[in-house]
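Data block below; observations after.
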Amino acid sequence: PVQGDRVQEEDETFFVLLFNPVNATISTALGQATILDDDPANFAIIYGVVFEDGNGNGIQDTGEKGITGVTITLDGTVTTTTDLDGGYVFTVTTAGVHTVVETDLRTPNTALHHEPHAPLAPTDEPTYFSTTPNQVRVNVTLGFSHCVNFGDALSNVGFASVHGIVFEDINGDGIQNATEPGIPGVVIRLDNSTTTTTDLNGSYTFPITTVSIHVFTEENPTGYFSTTPDEVHLRTLPGRAYLVHFGDAPSASEFAVIYGTVFNDIDGDGIWARDELGISGVVITLDGQLTVTTDLYGSYTLFTTTPGPHTITETDPAGYSSTTPNNHIVDVELGAGYLVNFGDIEAYCAPDLYEEDDTFDLARTIIVGTLQYHQFCDDPIDWVKFTAKSSGVYTVTTIILGQRCDTILALFDTDGQTLLAENDDAVGRASRIVWQSPDDGIYYVRVTNKNDWTGPHTEYILQLEGQDPPQVIYLPIVTRNF
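If you use the working numbering, the sequence shown closes out at 555, no skipped numbers anywhere.
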């Protein structure tokens, strides 16, 4: 009899689909079954789950529920939506690399973060952002099943996600094309300490809980050379996703790759320090003919099929001047990668989103529980205002980003003139005020840059946290007449 069958017969014939076909006999406590047909399978399964990633590790842990109604696309043509448990399934009949894409729910707040300094908008409701790559290349073998899960987290969870794919760059252009699979087992390192390894599809994920610049490095797998920089610097903010891919080509490739990063050389020493970010949109030229522009993190890739000397030239972006030579001659051999970085220093300062905010009557509103990105471009003073509740406890903090930023915080009453608190002794060059509001009202905060510094490298983040006032319960007084 077959377990679970509605009608139990003494002898029954049933069929078992084998994804790895062999001549086999299945024996269980219920009896023995002989495989009647073990012809090779002519299809494969791609399946997975879209799940709410509460801790941002890119893995569906116990208690992390699936997300229903998410669109999944196969090879740009076939679509399905996840079921009540977040699951999906595709059947494919051709071997080779297939592309699976997840479209995040509520797309307005889930795009990749293109401006590392931009804060969360105070009016944004929590939405989903990715904790795993949204596009995965799967190298399919017929007769097998292939699992591709997608993680998403709500934007108010308190962490950022840095994730990506290490891929086999067959043509050396630094971009994962449709026929280029991921490479499993590659070590990715965060801040030269924490490590992870890529999964079967070449994917990796890091959850990040600190607002800071972080350094990500790839250790090349044996038998490969890099087609993209092995080191990427980026600043993270909570509730954002950052996509960082690494490309590698087999050592037997019949091309050479020249790659590198154009970086913002804050101290002008010509060396890429860990707190220096890449510069996007910079034009790099090979031999005066082939040009590319740097990506979001300042990275570029150029390849050639001709051995011998080649000239790499950087065109300085507007508002920058070079701290390293703009021309490099590289003598290449095919089947190898060559690193060439360029340093530039800012010659101007772009106003932040809150200018003009140089007097209390021009103060910009900050919402309790949010962050704002500021810099002292044209004036060493910024003003903000916020709404406080009576007896509420509020904490105002500056997080220093620029080397020429050293803040002093001052809190003023509702008139914008009466000083209530001042601080210049928090950790390092930061400032912090903890204050309890005496009454409901709008209060003002002045942020001053020490030494009246203005211009480049004066960036900071202003954070406002609040705790609701204690609840007071009034009880009736009962009197008795005697």
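Every residue gets a Cβ at the ideal spot worked out from N, C-alpha and C, and that includes glycine.
Item                                                                                                                                                                           : Value
Sort E419, T269, R505, H447 by Cα distance to I352 and report the nearest one.                                                                                                 : E419
Decide yes or no for the touch test of the segment 407–422 against the segment 336–355: beta carbon pairs closer than 8 Å, at least 3 of them.                                 : yes
Write down every uninterrupted run of the beta strand (DSSP E) in the segment 450–477 whose length is 3 residues or greater and which is fully enclosed by it, in chain order. : 454–461, 466–473
In chain order, which continuous runs of the beta strand (DSSP E) of length 3 or greater are located wholly inside the segment 201–246?                                        : 201–203, 208–213, 218–220, 223–227, 233–241
D264 and H287 look like a contact to me (Cβ under 8 Å); what is the Cβ gap, rounded to whole Å?                                                                                : 6 Å
Would you say the segment 350–365 touches the segment 301–314, given that touching needs at least three Cβ pairs under 8 Å?                                                    : yes
For N496, does the count of other Cβ atoms within 10 angstroms reach 16, so buried, or fall short, so exposed?                                                                 : buried
Could you check if L535 is buried or exposed, using at least 16 other CB atoms within 10 Å of its CB as the buried criterion?                                                  : buried
Taking one C-beta from the segment 205–223 and one from the segment 288–300 each time, how about it: are there three or more such pairs within less than 8 Å?                  : no
Starting from the Cα of F459, find the closest Cα among Q445, I472, F449 and give me that residue.                                                                             : Q445
Can you check whether the CB of T531 is closer than 8 Å to the CB of C478?                                                                                                     : yes
How many Å lie between E557 and Y373 at the Cα?                                                                                                                                : What the structure shows of the chain is the stretch from 74 to 555, and residue 557 is not part of that stretch, so it cannot be assessed.
Between which two residues does the beta strand (DSSP E) carrying N496 extend?                                                                                                 : 492–496
Would a C-beta distance cut-off of 8 Å place V335 and V365 closer than the cut-off?                                                                                            : no
Roughly how many angstroms lie between the CA atoms of L493 and D431, to the nearest whole one?                                                                                : 19 Å
Give me, in chain order, the residues of the same chain whose beta-carbon lies closer than 6 Å to that of R519; leave out the 5 immediate sequence neighbours on both sides.   : W456, A483
So the candidates are T491, D452, S463, E253; which of them puts its Cα closest to the Cα of T480?                                                                             : D452
Exposed or buried, which one is T278 when buried takes at least 16 other CB atoms within 10 Å?                                                                                 : buried
In terms of alpha-carbon separation, which member of D148, W508, K523, E387 lies closest to A251?                                                                              : D148
Going by beta-carbon coordinates alone, are F116 and G245 separated by less than 8 Å?                                                                                          : no
Cβ of T471 within 8 Å of Cβ of V507?                                                                                                                                           : no
Within its chain, find whatever has a CB closer than 6 Å to the CB of E429; leave out the 5 residues flanking it on each side and keep chain order.                            : L435
Got a sec, what are the start and stop residues for the beta strand (DSSP E) G539 sits in?                                                                                     : 532–540
What did DSSP end up calling L435 once you bin it into helix, strand or coil?                                                                                                  : helix
Whole angstroms is fine: what's the gap from D389's alpha carbon to D360's?                                                                                                    : 17 Å
Hey, out of G475, P382, V500, Q509, whose CA is closest to G465's CA?                                                                                                          : Q509
Got a sec? Which residues, its chain only, sit under 7 Å from T144 by beta carbon, not counting five neighbours each side?                                                     : T152, T154, T176
Suppose contacts are defined by Cβ-Cβ distances below 8 Å. Is T271 in contact with G258 by that definition?                                                                    : yes
Compare the C-alpha of L157 against each of I238, G139, I281, E387 and name the closest.                                                                                       : G139
Let me know the secondary structure DSSP gives D177 once reduced to three states.                                                                                              : coil
Return helix, strand or coil for N524, following the three-state DSSP convention.                                                                                              : helix
Buried or exposed: which applies to N229, given that a residue is buried once 16 or more other Cβ atoms fall within 10 Å of its Cβ?                                            : exposed
Short check: CB of L375 to CB of I357, under 8 Å?                                                                                                                              : yes
Less than 8 Å separating the beta-carbons of G159 and V211?                                                                                                                    : no
Below 8 Å on the Cβ atoms is my contact criterion, and I expect T392 with Y411 to pass it. Report the Cβ-Cβ distance as a whole number of Å.                                   : The question names Thr, yet the displayed sequence has Gly at residue 392. Rounded, the Cβ-Cβ distance is 29 Å, inconsistent with contact.
Leaving out five residues before and five after G528 in sequence, what residues of the same chain have Cβ atoms less than 6 Å from its Cβ?                                     : C422
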